[in-house]
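See below for the structure under consideration.
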Amino acid sequence: SIPLIHDTEVAINRIVKEKSFIDEISCDVLLQGSEMIDDSSSLDVKIYTATTSSGSSVIADETMLDHVTAQHRKKTAFEMESYALYEAARRSPLKPNYFSAKSVVDNGNTRKGDEYHRVAA
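In my numbering, the protein residues as written are 45 to 165.
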């Protein structure tokens, strides 16, 4: 794990708790068909700050996902897209301050699909 710089973490936590921020990111999103959960046409935005694990490959196998989850019990999510960003920042002589913000659209198991990708973007 690579921890956030404390001031960055404090700023992010303050911003994501502001109702105006939630309203702004969800104001023009209209759910369509399969994007609706439990026949609800309203978008329920929840923002969490959490520790994630990032790697250079996708885990789409449930047995492997269970194995990785057991090893990293305190991690909230696993993903691969931030890996290159983190690695480039870590190796940079400039030592930039960085973080990753993600929209979760599936839980990485075999039932994953594309229903929520448009809304998450």
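Yeah, the Cβ is synthetic: ideal placement off N, Cα and C, and Gly gets one too. Just so we're clear, the structure is a prediction, and the values are computed from it rather than from any experiment.
Annotated three-state conformation of E68 is helix, per DSSP. Non-local beta-carbon contacts of A133 in its own chain, meaning distances under 6 angstroms to residues more than five positions away in sequence, involve P140, Y142 in chain order. Counted as a single uninterrupted DSSP element, the alpha helix (DSSP H) harbouring N57 occupies residues 50 to 60. Straight through space, the alpha carbons of V89 and V73 are spaced by roughly 11 angstroms. Spatial neighbours of I59 in its own chain (CB-CB distance under 7 angstroms, excluding positions within 5 residues in sequence) are listed in chain order as F65.
In the three-state reduction of the DSSP assignment, T107 falls in the helix class, which pools H, G and I.
I56 and T93 do touch by the CB rule: their CB atoms are close to 6 angstroms apart, below 8 angstroms. Judged by DSSP in its simplified three-state form, Y92 adopts coil rather than helix or strand.
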